[in-house]
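Residue numbers (our numbering), protein chains in the order written: chain A, 30 to 368; chain B, 65 to 403.
Ideal placement from N, C-alpha and C gives every residue a C-beta, glycine not left out.
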C-alpha cells in the first residue's frame with residue numbers, strides 16, 4: 030500500500046546517516062551506533078534518551094516550540110527532509126477520510142470538484158493556514174460520511190487483498206512451470222545415462238551381433254529424446270507466454286486476435302452450440318434431496334450424477350456476468366469511419 | 065489460449081434476453097408507465113362523465129381522483145405488500161396439500177416474478193394488484209408443473225373471505241378473465257430462473273472445501289430465508305440467479321459465522337473475483353435493506369387507489385358496463401375475417 034504502511038511493517042527502515050546528532054543533547058551517532066532519532070507531531074527531532082528524560086513524567090512541552098506532546102506520539106521518520114515526512118503524513122490522513130471514488134459521483138465534473146476541494150484542504154494543512162477551521166471541516170466531514178468512508182475503506186482493503194492473490198497465483202504458476210521444466214531436463218539426462226548403460230549391458234550379455242544392438246538402441250534413443258524435447262519445448266513456450274502476460278499487466282485483452290486464425294479442430298456436426306460449463310464433480314455429496322440419497326433413479330434416465338451436475342452447472346452459469354448496462358445493448362462496434 | 069466464441073447456455077434464456085435492466089432504466093420505465101396510466105385514468109373519468117347523466121358529481125369525482133393519484137413509488141409499495149401475501153397463500157395451499165413441498169418454492173418465486181414483470185408494463189390504476197397477484201399465482205402453478213384446479217384454487221380463498229366478511233368475494237372468472245392479459249404482458253415468456261437451484265449447487269460444491277458439514281447445512285437452510293427476501297427486490301432484473309444465490313449464501317454465512325471466502329478464492333481466479341465481489345456487495349446490500357410494506361401503509365395506498373382507478377378497466381364502473389353491453393350487441397367479427 031503506501032509508504033507509511035510499509036514503514037509500519039518495517040519493510041522500509043528509518044532514515045539515518047553517520048552525521049546524525051540530537052538537536053537537544055548534541056549527542057552524535059559517531060559515539061552511539063544505535064541512537065534513535067524520533068520525531069513528534071510538531072516535526073522536531075529528539076533522541077531516545079532526551080525523549081525518556083523529557084516525558085518521563087507524562088505530557089510535557091516540546092523544547093523547541095513549547096507545544097504539549099506525549100511520548101507515544103513520537104515515531105521514527107522515513108524521510109531525510111521533515112517537510113516531506115509531514116506532507117506524506119498529512120496526505121495519508123486526508124486519504125483516510127476523503128476516500129470517495131469516481132463511481133460515487135454522478136459526473137466526472139463532480140468528481141473533479143471533489144478532488145479539488147480535497148486538495149485545497151490539504152494545501153491549507155500543509156501551509157498551516159486556518160488549521161483549526163480546516164480541522165473542524167475534516168472532522169465534520171468524517172462524522173457525516175462515516176458509513177461511506179468505512180465502506181470504501183473495506184472495499185479498498187479487499188481490492189488490495191485480491192491484487193495480492195492475483196500476484197501470488199501467478200507466482201505459483203510460474204514456479205510450477207519452472208519446476209516442470211527442470212524436472213524434464215533432469216529426466217532427459219538420466220535417460221541418456223541409462224541408455225548408455227543398457228547398451229553396455231546388452232553388448233556384454235546378449236549373443237546378437239554388436240552392430241545390430243547398436244542400431245536398435247540408436248533408433249530407441251532418438252525417439253525418446255525427440256518426445257522429451259517436444260515436451261520440454263512446450264513447457265518453455267508456456268513459460269514464455271506466462272511471463273509475457275504477467276508483464277503486460279492484469280488485463281491482457283486477447284480481443285484483437287483474428288478469429289479466423291483460431292483453429293477449433295475438426296468440424297463436429299453433433300457438437301453443442303453452447304459453451305459448456307466446466308464443473309468438477311466429486312464422488313459423494315451430502316445431498317438433502319432424499320430421492321437421490323441412495324443413488325437410485327428418481328426419474329427414468331436421470332442418475333444422481335446428472336442431477337448433481339445440473340445443480341452445480343446452474344450455480345456456475347453466469348456467475349461472472351457483469352450487471353446489465355444500456356450501452357451493452359446498443360451496437361458498440363458500428364464502423365462510422367467507413368462512411 | 066484459443067478463445068471460442070460460442071454463447072453460454074444461460075445467455076439463451078428469455079430472462080437474460082428480455083428481462084434485464086439497470087436500476088435507472090427500471091425507475092424510468094416505472095415513472096413513464098405511471099405518467100401514461102394517470103392520463104388514461106383522467107381520460108376514462110371524462111368518458112364516464114359523458115355516460116353519466118351529468119348530475120354534476122363528475123367534476124368533483126375527477127378532482128377527487130387527481131388529489132389521490134399514486135406516485136410510482138407508492139405503486140411499488142402496494143405491489144410489494146401483495147407480494148408478501150403470496151407467501152401466506154403458498155403456506156395455505158401447502159397445508160391443503162395442493163402444492164408439493166419441493167414445488168412450493170418455485171411456484172412462489174415464479175408467481176412473485178410474474179407480478180413484478182407484469183407491473184413493468186402495466187400500472188395499478190388499470191389492474192389492481194390483488195387480483196393480478198392471484199392470477200399470477202394460478203398461472204405459476206401451471207408453469208411450474210404443479211397445476212391446481214381453479215375450484216380447488218378458489219376454495220381456501222373463499223373460506224378465508226367467508227370467515228372475514230361473511231361471503232365469498234373472489235369468483236373463478238376474476239382470475240380466469242385476467243389470465244390472458246397477464247400472459248400477454250409477460251410477452252408469452254413464462255420460463256423464470258430462480259436462485260434456488262444455484263444455491264443448492266453451491267451447497268453441494270462447497271462441501272469439498274468446507275469441513276464443518278453440519279454448519280454448512282445450517283447456512284444453506286438460512287440461505288433460503290435470504291433468497292425469499294431477494295425475490296421482493298428488483299435484483300432479479302439486475303443480476304444473474306447464480307449471483308443472487310451466492311449473495312444470499314454470503315449473508316447466511318455471516319449470520320452463522322462461517323467464512324466461505326476460502327471456497328471462493330480456491331475455486332475461482334482472483335481477477336474474476338474482483339468483479340464478482342462488487343456484484344455480491346450490491347446484492348447483499350439490496351437484500352438486507354429491503355423493508356416490506358406494512359399493512360397500514362398498504363391500506364392507506366389501497367384507499368387512495370379506489371378513488372383513482374381507471375373506470376375503463378373496472379368491472380364495477382358504469383363506463384365498463386356500458387362498453388360491455390355495447391360489445392354484446394355488436395355482431396362477432398373474427399380477426400381473420402376482417403380484411
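Neighbourhood of residue 225 of chain B by C-beta, 6 Å cutoff - its chain only, sequence neighbours within 5 removed: 232 and 233
Outcome for residue 294 of chain B when other beta-carbon atoms lying within 10 angstroms are tallied against a minimum of 16: buried
Inter-residue Cα distance where the pair is residue 208 of chain A and residue 88 of chain A: 59 Å
CA-to-CA distance, residue 53 of chain A to residue 79 of chain A, given in whole angstroms: 7 Å
Expected contact under 8 Å - CB spacing of residue 159 of chain A and residue 153 of chain A to nearest Å: 6 Å
Spatial distance of residue 45 of chain A from residue 221 of chain A (CA atoms): 57 Å
Test: residue 306 of chain B CB closer than 8 Å to a CB of chain A: yes
Top-ranked residue by Cα proximity to residue 95 of chain B, from B:105, B:136, B:113 and B:76: B:136
Rounded distance between the beta-carbons of residue 190 of chain B and residue 374 of chain B, thought under 8 Å: 5 Å
Residue from B:303, B:315, B:322 and B:288 with nearest C-alpha to residue 273 of chain B: B:322
Residues near residue 311 of chain B in its chain [Cβ-Cβ closer than 7 Å; skip 5 each side]: 344, 347, 348 and 351
Straight-line gap, residue 167 of chain B to residue 282 of chain B (C-alpha atoms, nearest Å): 21 Å
8 Å Cβ cutoff met for residue 341 of chain B and residue 316 of chain B: no
Coil, strand or helix - residue 140 of chain A by DSSP: helix
Integer Cβ distance of residue 195 of chain B from residue 242 of chain B, believed to fall under 8 Å: 6 Å
Residue 346 of chain A at chain B interface by Cβ criterion, 8 Å: yes
Min CB distance residue 315 of chain A to chain B below 8 Å: yes
Contact list for residue 279 of chain B against chain A, beta-carbon separation under 9 Å: Correct list: empty, because the minimum Cβ distance to chain A is about 12 Å.
Sheet register partners of residue 351 of chain B (DSSP bridge): BP columns for residue 351 of chain B are empty, so no partner.
Cβ of residue 311 of chain B within 8 Å of any chain A Cβ: no
Residue 362 of chain A at chain B interface by Cβ criterion, 8 Å: Low confidence applies to residue 362 of chain A: its pLDDT is 36, below 50, so where it sits in the model is not reliable enough to give any reading.
Selection of the region 108-131 of chain A by Cβ proximity to chain B, strictly under 8 Å: none
Cα-Cα separation, residue 201 of chain A to residue 332 of chain B: 15 Å
Integer Cβ distance of residue 58 of chain A from residue 50 of chain A, believed to fall under 8 Å: 7 Å
Chain-ordered chain A contacts of residue 262 of chain B [CB-CB under 7 Å]: 343 and 344
Under 8 Å between C-beta atoms of residue 198 of chain A and residue 334 of chain B: yes
Chain A within 8 Å of residue 333 of chain B, Cβ atoms only: yes
Close-in-space but distant-in-sequence residues of the same chain around residue 382 of chain B (CB under 8 Å, 5 per side omitted): 112, 115, 116 and 375
Same chain only: Cβ atoms within 6 Å of residue 287 of chain A, ignoring 5 sequence neighbours per side: At residue 287 of chain A, the pLDDT of 47 sits below 50, so the modelled position is not reliable and the matter cannot be decided from this model.
Exposure label - residue 60 of chain A; buried when at least 16 CB within 10 Å: exposed
Proximal residues of chain B, C-beta to C-beta of residue 298 of chain A below 8 Å: Chain B residues near residue 298 of chain A: none, gap ~15 Å exceeds 8 Å.
Residue burial classification, residue 380 of chain B (beta-carbon count within 10 angstroms, cutoff 16): exposed
Residue 356 of chain B and residue 306 of chain B closer than 8 Å at C-beta: no
Residue 76 of chain A, DSSP secondary structure in three states: strand
Neighbourhood of residue 101 of chain B by C-beta, 6 Å cutoff - its chain only, sequence neighbours within 5 removed: 187 and 189
Contact with chain B by residue 287 of chain A, beta-carbon distance below 8 Å: With a pLDDT of 47 at residue 287 of chain A, under the threshold of 50, the predicted position of this residue should be treated as unreliable, and no value is reported.
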